[in-house]
Structures are given as structure tokens and as C-alpha cells.
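Novice:
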Amino acid sequence: MDRSFLSQPAVIAASRQYVCARLATYEDEAEGKFLKALVRTGSGELENSVFAIFGPDGKDPLVRPGRSMKGVYKDAAAMADGMTKLAEWFPPKADPAAVPLVADVRLALDVASADGQPLVILVAKDAGKRKELEAAAAKLAWAKEFVGRFVYVSCGGGDDLAGVKGSDVDSVLLVVQPDRYGLKGTVIAQTADAAKLADTLTAGNKKFVRAAKAASHVRDGQREGVFWETKTPVTDPMEAAARERGRKK
Amino acid sequence: MNRLALLLAVLVPTAAVAQPPRILPPDPPAVGIQWFTTWESAKAEAARTGRPILLVSAAPHCGGVSGIW
């Protein structure tokens, strides 16, 4: 993912006019097919990264889809400017209101670690109560003080929380510090009171320790035996080869 | 000549195995883009709000190691 563009304040500001979708390549078969059809690659297969901008119907690309935004914009400032001009064609009808949930806790820990952000886990065994919790969290996710600061996931508790240390049995919201490789996490704030979600997010954000990724992250992980199993095969030839080399270490 | 050969013997293998340092992208900011993480949820929200969609796909692992984009 090209952080040289996506971490820039101008691009982040421009993103607030959009619905932003960042899919995890190789974690969903249907999404993989969609992404593969979107971009013609040298290998003819789905490769690690995809970039596109669509209108609100999600059907017609507004820029030529490719592997990276670098193929469309010369730098982050040009991207922010281009995004703003495209957004002017689509006056918004409403503000975002859905909580942006990662598919499961395992992937959410990985994403939060990669993003260097705290992970918010909404916990309710009952599906109806979970929906209520998600609706309450959605109001907070887009509030000025919280937007862009957390990764979210929702689960039924129990085995879903196997990789998370320190959760109380009756908690409905956990703020979790993911570990270096996003394989496990530790609860840094939690509440069993659905009326205290905002206070718990604030407390968790204060306790969260942002750790820069070391240049030796991949080498260290390979040496320690870390290996991420994807849900679908890794078809990017370079990445597939790197995985094989890493697995043999 | 012998000195040159010795120097080459020492330097060439080193150069052949030397790896360029991995240049990591800048760390993500504390306040970033708020991402939807599935295409279906993003499309539904875009249809509801009338907003365009910024789509990125990436793998949150590198060389099989998780915790990094």
C-alpha cells in the first residue's frame, strides 16, 4: 500500500468526501475475482495492490484502474486535488453512518498492527444486540474526535477472542493494542456499559502506544517463524516467491 | 596485481550478497483515512450517501510476515 500518498494530510482531508474502501487482497474469493477483472497485470493474475476511483454506483471507474495511484497522479498533492475535483461531480446526499468493520478478529488484528492504530472490538453473543452495538459505535466512528483513528471489528466473543488477552467476560467494547505482527492483542480499555463507548474509545486512544515499524520487520518475522496464511492463494508472482523464501528460513 | 586480486576476492563476494536496505514507507499518521474493508459495505454506503468510492486493495503482510502493508 502506498503510504507516500495515503498518509499525506491533503489526501486524508480529500478522503472525507469519499467512501474509502481498502480491501485485503487474498482474503475474500469474490473480492479477488472483482479485483482481478479490474486491472490487467503483467502476470495475468491478481497482484498485491489495486487502485481505482468509482462513482457512487461502484460500476464505472472515474480514473483508469491500476496497481497504484502513482499511475494516475504524479504526487499526493495532485491526488488530493484530483479527488476533490472528481468529488464535485457528486454532491453528497448524506454523511457516512455505518461502522466500517473488518471481516473477523484475526484479520482485524493484522490490519490494526499494519496501520499502527488501536483495534476496537464490539462484543455481543446475541446477533440483535450486536447490531445495536454496531449502530451505537457507527455514530462515534465518524465523529470528528474519532474518525480515522481506529480499526473496527464485531464478534460474538468466546473463541473469536482467542488472540486477545485481558478481556472481561461482560465487556461489550474492547480497545486493543495489537502486537508487532498483528497476531495477538492486549486489551487497553474496555467497558460493559453501552452508554460509555465514547469514554472508552478516548481512554483506549490515550493508552495506545504507537510503534514505528522497523526496517527489519519482515526479516525479523521470518526469523521468528511468523507466516500469515491467506484465505485465497497469493497470485502475485513476486510476493509468492518472497513467501516461499521466507517460509524456508 | 596480487594485492588487487586479494582486494577483489574480499570485496566482490561482499558486493554480490549485499542487500540494499529495505526502505519503509512513512509510518501511518495517528489520524488517517477511515476505511471500509469490504467492497459490499463500501458500495452500500456509497449508494446511500451518494459519495464516490476511493478503492485500494493491499496485502497486510510482506514475504509471509503479517503486521505490515
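Protein chains in written order, with our numbering: chain A, 1 to 249; chain B, 1 to 69. The beta-carbon is built from N, C-alpha and C at its ideal position, and this holds for glycine as well.
Over what stretch of residues does the beta strand (DSSP E) that includes V153/A continue unbroken?
Specialist: Position 153 of the first sequence, counted from the first residue, corresponds to residue 153/A. Segment 151-155, the beta strand (DSSP E) holding V153/A.
Novice: For Y73/A, decide whether its Cβ has a neighbour in chain B, counting only Cβ atoms nearer than 8 Å.
Specialist: One-based indexing of the first sequence puts residue 73/A at position 73. No, Y73/A does not count as interfacial toward chain B.
Novice: Ignoring anything shorter than 4 residues, give me the alpha helix (DSSP H) runs that lie fully in the segment 121-208 of chain A, in order along the chain.
Specialist: 127-141, 197-207
Novice: Which term fits M83/A, buried or exposed, when burial requires 16 or more other beta carbons within 10 angstroms of its beta carbon?
Specialist: Reading the first sequence from its first residue, position 83 is the one you call residue 83/A. So M83/A ends up on the buried side.
Novice: W69/B: which of A112/A, K74/A, M79/A sits nearest, CA to CA?
Specialist: Along the second sequence, read from residue 1 onward, the residue named residue 69/B stands at position 69. Closest by alpha carbon: A112/A.
Novice: Is P92/A near R51/B, with beta carbons less than 8 Å apart?
Specialist: Taking the first residue of the first sequence as position 1, residue 92/A is located at position 92. Taking the first residue of the second sequence as position 1, residue 51/B is located at position 51. Yes, these two residues count as a Cβ contact at 8 Å.
Novice: Give a yes or no on whether 8 Å exceeds the smallest Cβ distance from I121/A to chain B.
Specialist: Taking the first sequence and counting its residues from 1, one reaches residue 121/A at position 121. No, because no Cβ of chain B sits closer than 8 Å to the Cβ of I121/A.
Novice: Looking at C-alpha atoms only, which residue of D193/A, D75/A, A10/A, A87/A is the closest neighbour of A46/B?
Specialist: As a first step, residue 46/B must be located in the second sequence, where it is residue number 46. Of D193/A, D75/A, A10/A, A87/A, the residue nearest in Cα terms is A87/A.
Novice: Tell me the DSSP bridge mates of I68/B?
Specialist: As a working mapping, residue 68/B is identified with position 68 in the second sequence. In the DSSP output, where bridge partners are listed per residue, I68/B has none listed.
Novice: CA-CA distance, L101/A and E134/A?
Specialist: Residue 101/A sits at position 101 when you count from the first residue of the first sequence. Residue 134/A sits at position 134 when you count from the first residue of the first sequence. Taking the straight line joining both Cα atoms gives about 9 Å.
Novice: Hey, does R243/A have any beta-carbon neighbour from chain B nearer than 8 Å?
Specialist: Within the first sequence, the letter at position 243 stands for residue 243/A. Yes, its Cβ sits closer than 8 Å to a Cβ of chain B.
Novice: Buried or exposed for P233/A, please, with buried defined as at least 16 other CB atoms from any protein chain shown within 10 angstroms of its CB.
Specialist: Along the first sequence, one-based indexing puts residue 233/A at 233. Exposed, by the Cβ-count rule.
Novice: Between the C-alpha atoms of Q177/A and W39/B, what's the straight-line distance to the nearest angstrom?
Specialist: As a working note, residue 177/A is residue 177 in the first sequence. As a working note, residue 39/B is residue 39 in the second sequence. Approximately 26 Å between the Cα atoms of the pair.
Novice: Whose CA, out of K248/A, P237/A, G221/A, A241/A, lies closest to the CA of S66/B?
Specialist: Counting from one through the second sequence, the residue named residue 66/B turns up at place 66. Of K248/A, P237/A, G221/A, A241/A, the residue nearest in Cα terms is G221/A.
Novice: Quick check: what's the CA-CA separation for L183/A versus D60/A?
Specialist: As a working mapping, residue 183/A is identified with position 183 in the first sequence. As a working mapping, residue 60/A is identified with position 60 in the first sequence. Approximately 37 Å, taken between the alpha carbons.
Novice: Run through chain B and tell me which residues come within less than 7 Å of G134/A, C-beta to C-beta.
Specialist: Counting from 1 along the first sequence, the entry for residue 134/A is found at position 134. The question names Gly, but residue 134/A is Glu in the sequence shown. Those do not exist, as E134/A stays about 11 Å from chain B at its closest Cβ, beyond 7 Å.
Novice: In its own chain, which residues sit with a C-beta less than 8 Å from the C-beta of Y73/A, not counting the 5 before and 5 after it?
Specialist: Within the first sequence, residue 73/A is the residue found at index 73, counting from 1. Hits under 8 Å: F5, M79, G82.
Novice: In terms of DSSP beta bridges, what is F250/A paired with?
Specialist: Residue 250/A lies beyond the residue range present for chain A, which begins at 1 and ends at 249; the question has no answer from this structure.
Novice: Check the C-beta distance from L197/A over to L140/A and give it rounded, since I have them as a contact under 8 Å.
Specialist: The residue you call residue 197/A lines up with position 197 of the first sequence. The residue you call residue 140/A lines up with position 140 of the first sequence. Correct: roughly 6 Å between the Cβ atoms.
Novice: So, does the CB of T25/A fall closer than 8 Å to a CB anywhere in chain B?
Specialist: Looking up residue 25/A in the first sequence gives position 25. In terms of beta-carbon proximity, T25/A lines the interface with chain B, with at least one pair separated by less than 8 Å.
Novice: Please confirm if P237/A has its CB atom under 8 Å from at least one CB of chain B.
Specialist: Position 237 of the first sequence, counting from 1, holds the residue named residue 237/A. False, the Cβ-Cβ gap to chain B never drops below 8 Å.
Novice: Answer yes or no: do T235/A and E27/A have a C-beta to C-beta separation smaller than 8 Å?
Specialist: Residue numbering aside, residue 235/A sits at position 235 when the first sequence is read from its first letter. Residue numbering aside, residue 27/A sits at position 27 when the first sequence is read from its first letter. No, the Cβ-Cβ distance between T235/A and E27/A is not below 8 Å.
Novice: Between the segment 46-62 of chain A and chain B, which residues of the former have a C-beta closer than 8 Å to a C-beta of the latter?
Specialist: If the cut-off is 8 Å between Cβ atoms, the segment 46-62 of chain A has N48, S49, V50, F51, A52, I53, F54, G55, P56, D57, G58, L62 near chain B.
Novice: Have a look at E47/A and D193/A and give me their C-alpha separation to the nearest angstrom.
Specialist: For the purposes of this step, residue 47/A is identified with residue 47 of the first sequence, where counting begins at 1. For the purposes of this step, residue 193/A is identified with residue 193 of the first sequence, where counting begins at 1. Cα to Cα, the separation comes out at about 44 Å.
Novice: Does the structure place the segment 114-125 of chain A close enough to the segment 206-219 of chain A that three or more beta carbon pairs sit under 8 Å?
Specialist: They touch, by the three-pair rule.
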